[in-house]
Amino acid sequence: MIDTKSTENSRGMNKILNRYVLISASKMIDKYEETKDKEDMREMKTEFLKGVYKILVLHLGTPPEEFTFAYKEKDKSKKKDEGSKNKDSEGNKDKTEWVEEKHTPYSFAEKYVYEDLDKIVTVTYIPSRKMNQPYKLVGTDLVKDEMGNIIRYNMNLNEIKKMMKKSIKDDLPVAFAANANFDMHNDTGVMHPEVYNYEKIYDLDLKRSKTAEGLMGLIFSNHLMTVLGLDEKNEEVIKWKVENSWGEDAGDNGIYYMYDGWIDKYVEEVYIHRKYLSKKHLKNLKKTPIEVDYYETPY
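Residues 1 to 299 (UniProt numbering) are what the sequence shown spells out, left to right.
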């Protein structure tokens, strides 16, 4: 699919989507108050989702029924000695082969997405909440996946970063949710808590702890991005390579550079494969979750 104006700037599309979803939810609430019939709700939801699809198609185009997924596959079967490192028997660089697969969107999702979804854990660092403890969002049926209510596991931030580092070094990207309203320089892609020195300009104190700012609604998740790589010195991560979704004109051809301090302040959720959790955390993940109202601030 080619990029459209809404691909580069989704604000207008999101405004209409948000209004349509809220209006639809209002209609569903009224219907349920009238009938108390969940089947009516499901039928209405199906119709409203058609409206969501219609809005997305008008803004982004019709998804392809079939596409070709192409990728390069390294030939790992050839063994090399020190004198021929990164070369084959003829003295050429390692050869790679293009692999092409025909897919529908659903077959692609089945092969590359759905299989590992149940192995992904949502981890958070909310300092004011109990650590090494799962939390369950309750109070709404609107935020729920096929496996039930969303579970978050609250843990130490340094441990989260270590898991992210292991995942990246295993060539497994890491998705995360954060507040993208602050301290992102879109011309260069730099994400740093002091990329703009507002305190010096205004000569005012504009900082508080993550918990205090969270309670005031200054820190909340409103955007999803993906970590692809990292830059480290003496085994300490300096910054992370982040893929954004704002088009090639934003950042460094769509890539941002997230300094470690930005994670400390603005990242709220990280979605990590459970194989990177220690035995202790996997055990704690089985604890009875503490229920948190969906509309209550996590801080």
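For glycine and all other residues, C-beta sits at the position ideal for the given N, C-alpha and C.
Which two residues bound the contiguous alpha helix (DSSP H) that contains residue i?
i	result
W262	D260 to Y266
D231	Segment H223 to K233 is the beta strand (DSSP E) holding D231; no alpha helix (DSSP H) there.
I55	K38 to L60
K279	K279 to N284
residue 342	The requested residue 342 does not occur in the structure, where the chain is confined to residues 1 to 299.
Could you please give the first and the last residue of the uninterrupted beta strand (DSSP E) stretch that includes residue i?
i	result
I16	I16 -> not in any beta strand (DSSP E); alpha helix (DSSP H) instead, spanning R11 to T35.
T122	I120 to T124
residue 300	An answer regarding residue 300 cannot be provided, because it is not within the stretch 1 to 299 covered by the chain.
D252	Premise fails: D252 is in no beta strand (DSSP E) and is neither H nor E.
W240	E236 to E243
V113	V113 -> no beta strand (DSSP E), and no H or E assigned at all.
N291	The displayed chain sequence assigns Glu, not Asn, to residue 291. Here the beta strand (DSSP E) through E291 covers I290 to D293.
If I'm right that residue i touches residue j with Cβ under 8 angstroms, what's the distance once you round it to whole angstroms?
i	j	result
M155	H273	The Cβ separation is near 15 angstroms, so there is no contact.
G247	T46	Rounded, the Cβ-Cβ distance is 32 angstroms, inconsistent with contact.
A177	E269	4 angstroms
N222	A180	6 angstroms
Q133	N244	That pair is no contact at about 31 angstroms.
P289	Y135	6 angstroms
L230	I168	5 angstroms
What does the Cβ neighbour count give for residue i, buried or exposed, with the cut at 16 atoms within 10 Å?
i	result
V99	exposed
E82	Note that E82 scores 43 on pLDDT, short of 50, meaning its location in the model is unreliable and no value can be drawn from it.
M131	exposed
M163	buried
I201	exposed
E146	Residue confidence for E146 is low, a pLDDT of 43 falling below 50, so the modelled location carries little weight; the figure read from the coordinates is stated next. Counting Cβ neighbours within 10 Å, E146 comes out exposed, since fewer than 16 surround it.
V121	buried
S209	exposed
Y112	exposed
R152	buried
I2	exposed
I16	exposed
E90	For E90, the predicted structure reports a pLDDT of 48, less than 50, and the residue's modelled location is therefore unreliable. A value from the coordinates is still provided. Per the 10 Å Cβ criterion, exposed.
G217	exposed
K161	buried
Going straight from the alpha carbon of residue i to that of residue j, what length do you get?
i	j	result
Y276	K27	43 angstroms
Y20	K54	11 angstroms
Y257	K239	6 angstroms
E65	V57	13 angstroms
S107	V242	27 angstroms
T226	K36	41 angstroms
E34	I23	17 angstroms
S128	E101	48 angstroms
R11	L137	27 angstroms
residue 301	D30	Lying before the first or after the last residue shown, residue 301 is absent from the chain, which here runs from 1 to 299.
D205	L215	18 angstroms
I219	E39	37 angstroms
K67	H103	Residue identity differs from the one stated: residue 67 is Phe in this sequence, not Lys. Going by the C-alpha atoms only, they are around 6 angstroms apart.
G254	Y32	44 angstroms
E73	L172	16 angstroms
M13	H59	7 angstroms
H192	I263	9 angstroms
D252	L228	14 angstroms
E236	K165	10 angstroms
D183	Y198	10 angstroms
residue 302	E194	Residue 302 is absent from the structure shown; the chain starts at 1 and stops at 299.
Y271	P105	22 angstroms
T62	D249	24 angstroms
E43	N18	20 angstroms
L157	S278	14 angstroms
Y259	T4	31 angstroms
Could you check whether the Cβ of residue i sits closer than 6 angstroms to any heavy atom belonging to the ligand HEM?
i	result
G214	This structure does not include the ligand HEM; it has no bound ligands of any sort.
Is there a Cβ of chain C sitting closer than 7 angstroms to that of residue i, yes or no?
i	result
E97	Reference to chain C is not applicable here, since this structure consists of a single protein chain.
Could you pull out every unbroken alpha helix (DSSP H) segment of at least 4 residues lying fully inside the segment 130-200, listed in chain order?
157-169
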